[in-house]
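Visitor: I am attaching a structure below and will ask some questions about it afterwards.
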Amino acid sequence: MSTSNTAFPFASRRFATRSKVLSICALVACATFAGAAPAASFHCTSKASASEKIVCQDPQLSSLDERLAAAYQRATQASLDPRSVESARIEQWRWRQHNCTDKACVLSWYQRRIAELDADYEQAKQAQRDAFETSLTEQKLALTAADAVRQLKSESLLAAAPVTGAASK
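Residue numbers (mature numbering (1 follows the signal peptide of the UniProt record, and there is no 0)): -36 to -1, 1 to 133.
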């Protein structure tokens, strides 16, 4: 007894062709998403420097680049002198561009810069708290009013605290 389908001779060929097309589409989709990494905060182009190319090709470094951008924004917004934060950013970026040509150097640079910016943020927030305390003292408010204002202000400062952890591995 023959197992071929004589009523629909082209059905099996169409099924085989569809299966191949679907398999190819699935492979392309998997390859596309498997290579997807967190995007760096800058555009990865053929004109990128050696250190930028390293970041673009490494998911861990791309993730650190995004964390650095967030830390920079927090530090700039909290700083009493945002121009100095920007000046340090440019200086540090130039150093990385000229000196880092391997992953270990770039990784170390990101970890150090994130730690520096987190420290800058904490220092700026402390300066804000100190200035606030000084202003309360200068106003010579009644103790109960000063305590109430202090409590309200400290709650808002605590709510604005960053959620950053230690640098990744």
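We treat Cβ as the ideally placed atom computed from N, Cα and C, and that holds for glycine.
State the DSSP-derived secondary structure class of T65, mapped to helix, strand or coil.
Guide: The residue you call residue 65 lines up with position 101 of the sequence shown. T65 carries a coil assignment under DSSP once its states are collapsed to helix, strand and coil.
Visitor: Which residues in the same chain have their Cβ closer than 7 Å to the Cβ of A89, if we skip the five residues on either side of it in sequence?
Guide: Start at 1 with the first residue of the sequence shown, and residue 89 comes out as number 125. Here residue 89 turns out to be Lys, not Ala, going by the sequence shown. For K89, same chain residues with a beta-carbon under 7 Å away, outside a window of 5 residues either side, are A42 and L121 in chain order.
Visitor: Would you be able to state if there are at least three C-beta pairs under 8 Å between the region 4 to 23 and the region 61 to 70?
Guide: yes
Visitor: Using the rule of at least 16 other Cβ atoms within 10 Å of the residue's Cβ for burial, across every protein chain shown, is W73 buried or exposed?
Guide: Looking up residue 73 in the sequence shown gives position 109. That one is buried.
Visitor: The alpha helix (DSSP H) that contains T40, what's its start and end?
Guide: In the sequence shown, residue 40 corresponds to position 76, counting from 1. T40 -> alpha helix (DSSP H) spans P23 to A42.
Visitor: For T29, count the other beta carbons within 10 Å of its own beta carbon; 16 or more makes it buried, fewer makes it exposed. Which is it?
Guide: Position 65 of the sequence shown, counting from 1, holds the residue named residue 29. Position check: residue 29 holds Asp in this sequence, whereas Thr was assumed. Its Cβ being crowded by 16 or more others within 10 Å, D29 is buried.
Visitor: Which residue comes first and which comes last in the alpha helix (DSSP H) that contains L122?
Guide: Here residue 122 refers to the residue found at position 158 of the sequence shown. Unbroken alpha helix (DSSP H) run through L122: L107 to A123.
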